[in-house]
Structure formats: structure tokens, C-alpha cells
Amino acid sequence: MIDFSIICAPFQCGCDRNGAQQAPEWLVRNGIGAVSGDVRWVMPHMHKEGATDQGVKNLAEVIDQVARIRDEVLAQRKEGKCVLTIGGDHSIALGSVAGVLEQNANVGVIWYDAHGDVNTEATSPSANAHGMPVAALMGLCKSGLNEIARVRLKPQNIFWVGVRDLDAGEVETIGRLGITDNVYSTERVHQMGMTAVMEDINRKMEAQGIEEVHLSFDIDGMDPSIVWATGTRVEQGLMQDDLEAFVAWLRRLPEMQTMDFVEYNPLMDDEERTTGKWCVEMLRKFIG
88 MIDFSIICAP
98 FQCGCDRNGA
108 QQAPEWLVRN
118 GIGAVSGDVR
128 WVMPHMHKEG
138 ATDQGVKNLA
148 EVIDQVARIR
158 DEVLAQRKEG
168 KCVLTIGGDH
178 SIALGSVAGV
188 LEQNANVGVI
198 WYDAHGDVNT
208 EATSPSANAH
218 GMPVAALMGL
228 CKSGLNEIAR
238 VRLKPQNIFW
248 VGVRDLDAGE
258 VETIGRLGIT
268 DNVYSTERVH
278 QMGMTAVMED
288 INRKMEAQGI
298 EEVHLSFDID
308 GMDPSIVWAT
318 GTRVEQGLMQ
328 DDLEAFVAWL
338 RRLPEMQTMD
348 FVEYNPLMDD
358 EERTTGKWCV
368 EMLRKFIG
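88 is the number of the first residue of the sequence shown in this note's numbering; add one for each residue after it.
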């Protein structure tokens, strides 16, 4: 049996919409917690949301939370455990990936998301931290977010899958870093086919000597017709058959020992909890 921990991060100060902080409790209570007895909670110390500081909304709250997530993920990895971190909004991935990088500086990161999350304080149109974790991991931010990752993510080691809503500043940053070919938009996935996309990612990882993969999975990478209860829906997303092919290919990539699952908002779900049930089903597949 795989030895792993679930880290629950009920946090939403990195986004504008209330509700994502309720996702970990709902998902654990409705089936995920039974998969592992080792469920850990990283609760926010500060519940009062602050003003914009250094170009980031709720900066102090975000820094406090992601630093403690980083330390918890690192502690679990040092014990040899696989780690699933459940958010919360996507700002929590700044902490989880930072913890992984301290164990393996050459980890490959797959960012399954409708958004690039590579805005800086200067390029973000919203000042929301959940749009900045990738930039902060690479050391591109100017605020205290930049201090969380004590080991930097190599730009060539991140691969976006399902992205279709990049801000102008993100496009410029990706181009300047020379990693445009690591962006697999929904359109590109459907042109190539998910199998060909994953083969391409695997080839690049092999060339870079990557032996470990971190998956940061934002449910808004999916089409809203499948996943509705998330705060930043974007039309023309990935479909279920795309995701099934993606999950199947994960077994053929370098070993995946850590993962984020973020942006489910129970307050936006329907009475049948359609999106929540989908999340539980998919998490079980990922864990398996």
C-alpha cells in the first residue's frame, strides 16, 4: 500500500470568492478521508482578510498559510510519504511545490488549469494571489510571496495542461522565459490528442533528467459542463475523455509522489453536489 498523507488547507484568501475554504472538510467527510488515516490540517492563523499590500490582496494571510503548508509538505516528504494537498484556492500550491522543491530541485510540475497562474504583482489584473504561485515559485515576484520558495522552480520544468485564459503579462513572461512550447492549451490538446501531449511532456522530462512529478490540479481545467462549482470558470475546457487519458498516462511519467487538488467551491454546487461527487471520484482515481 502507498504510504501517503492528506494535507487539508481550508484557505480562500488568495481569491475573491468565498467558499473554497470549505472544500477540504467536505471532500474528507464524503469519502477521501477513508482512503488514508493520516489526514493533517493546516488551518489559517488569521481569519480577517486584509487590504492589498505590495500588489497582493491579503498578503500577510497568504504568506502565513503557504509557509506553513510548505513546511508540512516538506516534513511529510522527509518521512518518505506521498502527499495530497487539498485546497482551498490555488495559492496554496506556492507552499506545496516549495516544500517539494526542497526535497528535489529538479521536480517536474504539471499545472492542470484553465489559467497560467504566472502573474506577478505588476501584471495581475486582480491582485489575487491564486494567480501568482508559478511566478513566485520561479522568483519573479517582488512581494513577500517571493520568499516562500527557498529553492526555485526551473522554468523549463513546468508544463501547463488545459490553459486557455492567459493574461497579457503572463504571455509575455512565458515568451521571455522561452517556455511557450510547454503550454498545452485546450485547443492544442484537442489538436494533438492528450496521449500525444503526454508523450511530448514525457520526452521533455526525460531530456531534463526529471525523475519525479508534482501535479497541481485545478478543477477549472475542466469544461464547466462537467465541473460547475468553481470560482473562475472558463468555457471550452477539457472534457472527461481528455482527463481519463491524462490520468492513464500519469502512470507512465516519472513517479508522481505529490499532488494538489484545488478550487472546488461547495457553496456554488447544486443540491445534488454534482461537482463534489465528481471531485471525490477523481481524487480516488488519482490516489489509486
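A virtual CB, placed ideally from N, CA and C, is assigned to each residue, including glycine.
Are G182 and I156 closer than 7 Å when you measure CB to CB? Along the sequence shown, read from residue 1 onward, the residue named residue 182 stands at position 95. Along the sequence shown, read from residue 1 onward, the residue named residue 156 stands at position 69. In this structure, I156 lies closer than 7 Å to G182 by Cβ.
What separation, rounded to the nearest whole angstrom, lies between the Cα atoms of G106 and S213? The sequence position of residue 106 within the sequence shown is 19, counting from 1. The sequence position of residue 213 within the sequence shown is 126, counting from 1. Their backbone Cα atoms lie some 18 Å apart in a straight line.
In whole angstroms, give me the CA-to-CA distance for G83 and S178. The first residue shown for the chain is 88 and the last is 375, placing residue 83 beyond what the model contains.
G259 versus Y271 - alpha carbon distance: Counted from its first residue, the sequence shown places residue 259 at position 172. Counted from its first residue, the sequence shown places residue 271 at position 184. Position check: residue 259 holds Glu in this sequence, whereas Gly was assumed. Cα to Cα, E259 sits roughly 16 Å from Y271.
Which class does D125 belong to by DSSP, given the choice of helix, strand or coil? Stepping through the sequence shown from its first residue, residue 125 is reached at position 38. Reduced to three states, the DSSP call for D125 is coil.
Secondary structure of G186, DSSP reduced to three states: Numbered from its first residue, the sequence shown carries residue 186 at position 99. G186: helix per DSSP, three-state reduction.
Let me check understanding here. Comparing Cα to Cα, which of E148, W128 and V250 lies closest to E159? Indexing the sequence shown from 1 puts residue 159 at position 72. E159 has its Cα closest to that of W128, out of E148, W128 and V250.
Express the C-alpha separation of G203 and A283 in angstroms, rounding to a whole number. By one-based count along the sequence shown, residue 283 stands at place 196. By one-based count along the sequence shown, residue 203 stands at place 116. Distance between the alpha carbons of A283 and G203: 21 Å.
Exposure of T267, with buried meaning 16 or more beta-carbon neighbours within 10 Å: Within the sequence shown, numbered from 1, the residue matching residue 267 stands at position 180. By the 10 Å Cβ count, T267 comes out exposed.
Nearest-angstrom Cα separation, counted from V194 out to L224: The residue given as residue 224 occupies position 137 in the sequence shown. The residue given as residue 194 occupies position 107 in the sequence shown. Between L224 and V194, the C-alpha separation is close to 12 Å.
Suppose only complete runs of 4+ residues qualify. What are the alpha helix (DSSP H) ranges in the region 238–310, listed by chain order? 255–264, 273–279 and 281–294
Note down, one range per segment and in chain order, each beta strand (DSSP E) of at least 3 residues found wholly within the region 166–229. 169–174 and 195–199
With 16 other Cβ atoms within 10 Å as the buried cut-off, status of Q108: For the purposes of this step, residue 108 is identified with residue 21 of the sequence shown, where counting begins at 1. With 16 or more other Cβ atoms within 10 Å, it is buried.
Option nearest P131 by Cα separation, candidates D125, N145, Q141 and T139: As a working mapping, residue 131 is identified with position 44 in the sequence shown. If we check each option's Cα against that of P131, N145 comes out closest.
Go through its chain and collect everything with a Cβ distance to D90's Cβ below 8 Å, but skip five positions before and after it. In the sequence shown, counting from the first residue as 1, residue 90 sits at position 3. Hits under 8 Å: G167, K168 and C169.
Opening and closing residue of the beta strand (DSSP E) in which T317 lies: In the sequence shown, residue 317 corresponds to position 230, counting from 1. Run containing T317: none; DSSP gives neither H nor E here.
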